[in-house]
Amino acid sequence: MAEDKKSEILKEFDPLNQLDAPTITETDKDVVSKKDDNTQMTVKTNADVSAQDMGDDEPFYDFQLFAKQLQSPGTDPLVKYTKSFLRNFMAQRLLWTVSEEIKLINDFKVFIYNKFALYEPFKSLDSPKIRNAKEGMEKLIMGKLYFRCFSPSLSETLQKPLDDEHMKDLNDDNTLLEKIKHYRFISPTMLDISNTIPNAKLNKFVNLASSELGKINRFKSPRDKMVCVLNASKVIFGLLKHTKLEQNGADSFIPVLIYCILKGEVRYLVSNVNYIERFRSPEFMRGEEEYYLSSLQAAVNFIMNLTESSLTIDDRKCFEKEYQDNLRQVAEEKNEEDKQRKLEVPEESQMNGALLKPLDEVTNIVISKFSELFSPTEEPTQEEVLKPKQSGQEPSEEDVSLLIQKIEENEQKDTLMTLQNMFPDMDPSLIEDVCIAKKTRIGPCVDALLSLSE
1 MAEDKKSEIL KEFDPLNQLD APTITETDKD VVSKKDDNTQ MTVKTNADVS AQDMGDDEPF
61 YDFQLFAKQL QSPGTDPLVK YTKSFLRNFM AQRLLWTVSE EIKLINDFKV FIYNKFALYE
121 PFKSLDSPKI RNAKEGMEKL IMGKLYFRCF SPSLSETLQK PLDDEHMKDL NDDNTLLEKI
181 KHYRFISPTM LDISNTIPNA KLNKFVNLAS SELGKINRFK SPRDKMVCVL NASKVIFGLL
241 KHTKLEQNGA DSFIPVLIYC ILKGEVRYLV SNVNYIERFR SPEFMRGEEE YYLSSLQAAV
301 NFIMNLTESS LTIDDRKCFE KEYQDNLRQV AEEKNEEDKQ RKLEVPEESQ MNGALLKPLD
361 EVTNIVISKF SELFSPTEEP TQEEVLKPKQ SGQEPSEEDV SLLIQKIEEN EQKDTLMTLQ
421 NMFPDMDPSL IEDVCIAKKT RIGPCVDALL SLSE
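Per full-length UniProt numbering, the very first residue in the sequence shown carries number 1; after that it's consecutive.
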């Protein structure tokens with residue numbers, strides 16, 4: 001009876017209840033085998049992903065362009081559909097289950113994407129620009145629903161027990177972080193990482209890959225989180241390619257990725273992976289994205305099940321001493337953190353560390369121009385149109401463009417400095433030229449610079 005009632009609620013809420021809703025199925029993805037009886041790590045893929053498949057070409061993407069298009073007078077119905085969806089999602093329940101979230105959001109995306117064909121300027125766009133509009137809409141709605149769909153943020157927002165699937169995310173995050181801290185001391189050889197890679201070089205690339213993966217908590221949209229995974233993965237792949245180990249595929253890639261996760265101690269990694277898988281439209285997941293996301297899942301699962309028997313250990317006594325020393329250090333760090341936490345009075349904007357600070361600054365700035373039109377707490381009126389409020393507080397289009405340009409310039413400077421530190425013997429102007437040619441995308445930049453350094 002409860003299930004019937006739940007189905008009825010979903011039916012009434014569903015924007016596609018008058019249409020044939022698509023069946024929600026698991027995206028075809030790599031089948032991962034973590035560890036067999038012989039403690040070997042393997043990843044079985046549906047198709048081999050070769051170096052040729054991993055080019056640096058990326059589909060056209062410009063969120064600011066989508067935001068401008070959405071402010072065209074002809075898009076009023078699209079805005080009202082979106083406002084209604086967001087308002088209902090936020091107002092009808094404080095907590096949706098993961099399964100309900102996936103269905104409601106995916107169904108709405110199908111619904112609104114179909115509506116693009118009816119209204120200008122979207123109905124006149126070519127295929128790449130339509131894809132950009134779809135990407136923009138996904139980013140917009142997930143930016144607004146992030147704190148209700150991303151498990152750690154949802155937990156902070158509601159301050160109450162969640163459904164089983166959201167709680168599993170949180171529990172798995174804690175398990176993973178605990179395992180990372182317990183085994184962060186292990187050496188590359190314990191993971192069977194080839195000793196043909198010099199330690200100094202390996203550490204540089206591991207630090208960069210860990211840093212790129214760690215940026216995943218700065219973003220709200222599934223696409224932007226996936227870009228963090230791609231950047232980290234391409235740094236690793238670039239290292240393997242230029243040390244002639246890429247032909248070993250997952251046997252070389254997964255251990256280095258595991259090592260990166262252990263050294264990076266990225267928080268909420270399980271929740272982030274699940275969030276991407278749940279809310280990234282399957283049509284946008286290219287072959288290499290599926291491969292790298294599946295590889296990250298394999299690495300995460302290996303660490304969550306990690307024991308001494310999972311590793312290649314030459315000296316058991318030495319390992320046990322290092323393990324116990326590290327456990328004592330972890331305990332000391334925890335005690336120190338607890339003391340600091342008691343002394344600090346967190347501001348509302350600083351809850352949960354970096355997690356609930358303003359995320360994805362570029363997106364927030366763009367959305368701020370017309371945020372009141374997508375506020376889920378406001379009732380829409382017949383007079384609403386897609387125009388920002390004319391007030392002294394509203395940033396102008398020029399202000400927004402300048403702010404975004406400044407943020408992008410700062411990110412480019414950070415990337416350039418990182419690459420110059422990684423390649424200290426290379427002419428800085430050459431590194432800058434490569435960054436310009438590769439649009440400061442970290443994976444292609446690293447690959448090109450490795451080629452030039454040979």
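The beta-carbon is built from N, C-alpha and C at its ideal position, and this holds for glycine as well.
Since this is a predicted model, take the numbers as computed values, not measurements.
Item	Value
Close beta carbons around I313, own chain, < 8 Å, minus the five adjacent residues each side	M190, F319
For Q405 and Q69, the rounded distance between their alpha carbons	19 Å
Pair within 8 Å by beta-carbon distance, Y119 and P77	yes
Beta-carbon separation (whole angstroms), S310 vs E138, contact threshold 8 Å	Contact doesn't hold; Cβ gap of about 37 Å is too wide.
V266 - containing alpha helix (DSSP H), residue span	From DSSP, V266 is part of no alpha helix (DSSP H); its letter is neither H nor E.
Bounding residues of the alpha helix (DSSP H) (the contiguous stretch that carries T157)	151-158
Neighbourhood of S453 by C-beta, 7 Å cutoff - its chain only, sequence neighbours within 5 removed	F423, M426
C-alpha gap between S124 and I442, whole angstroms	34 Å
Spatial distance of S451 from H242 (CA atoms)	7 Å
Limits of the alpha helix (DSSP H) - the one that E333 falls within	316-343
The stretch 298-305 in contact with the stretch 261-271 per 3-pair CB rule at 8 Å	yes
Selection from L177, N114, L208 that minimises the alpha carbon distance to Q420	L208
Test item: CB-CB of R223 and E135 under 8 Å	yes
DSSP three-state assignment for F219, whether helix, strand or coil	coil
G287, buried or exposed, once every other Cβ within 10 Å from all chains shown has been counted against 16	exposed
Continuous alpha helix (DSSP H) assignments of at least 4 residues falling wholly in the UniProt domain "CUE" (411-454)	428-437, 442-453
Residues near D62 by beta carbon distance below 7 Å, same chain, minus five either side	N132
Alpha-carbon to alpha-carbon, N305 and A232	23 Å
Contacting residues, own chain, Cβ-Cβ under 6 Å from E101 (five flanking each side not counted)	C149
Between the CA atoms of L202 and L158 - distance to the nearest angstrom	42 Å
8 Å CB neighbourhood of L293 in its chain, flanking five on each side removed	K29, M226, V229, V273, I276, E277, M285
DSSP-derived helix/strand/coil call for G136	helix
Selection from F147, T97, L245 that minimises the alpha carbon distance to S194	L245
DSSP-derived helix/strand/coil call for F108	helix
V235 beta carbon less than 8 Å from that of E212	yes
Spatially closest choice to N326 from I436, L95, I180, by CA coordinates	I180
Nearest residue (CA-CA) to L296, options L262, H182, K168, L162	L262
Cutoff 6 Å; reference P428; Cβ partners in own chain excluding five residues on either side	Q420
Counted within 10 angstroms of its Cβ, other Cβ atoms place D169 as buried (16 or more) or exposed	buried
A299, enclosing alpha helix (DSSP H) - first and last residue	287-304
Status (buried if at least 16 other CB within 10 Å, exposed otherwise) for F60	exposed
Inter-residue spacing [alpha-carbon to alpha-carbon] between F279 and I112	15 Å
Alpha-carbon spacing of Q92 relative to F116, whole angstroms	26 Å
Alpha-carbon spacing of P188 relative to Y259, whole angstroms	7 Å
Cβ neighbour criterion (16 or more within 10 Å) applied to K103	buried
Extent of the continuous alpha helix (DSSP H) run through M167	164-183
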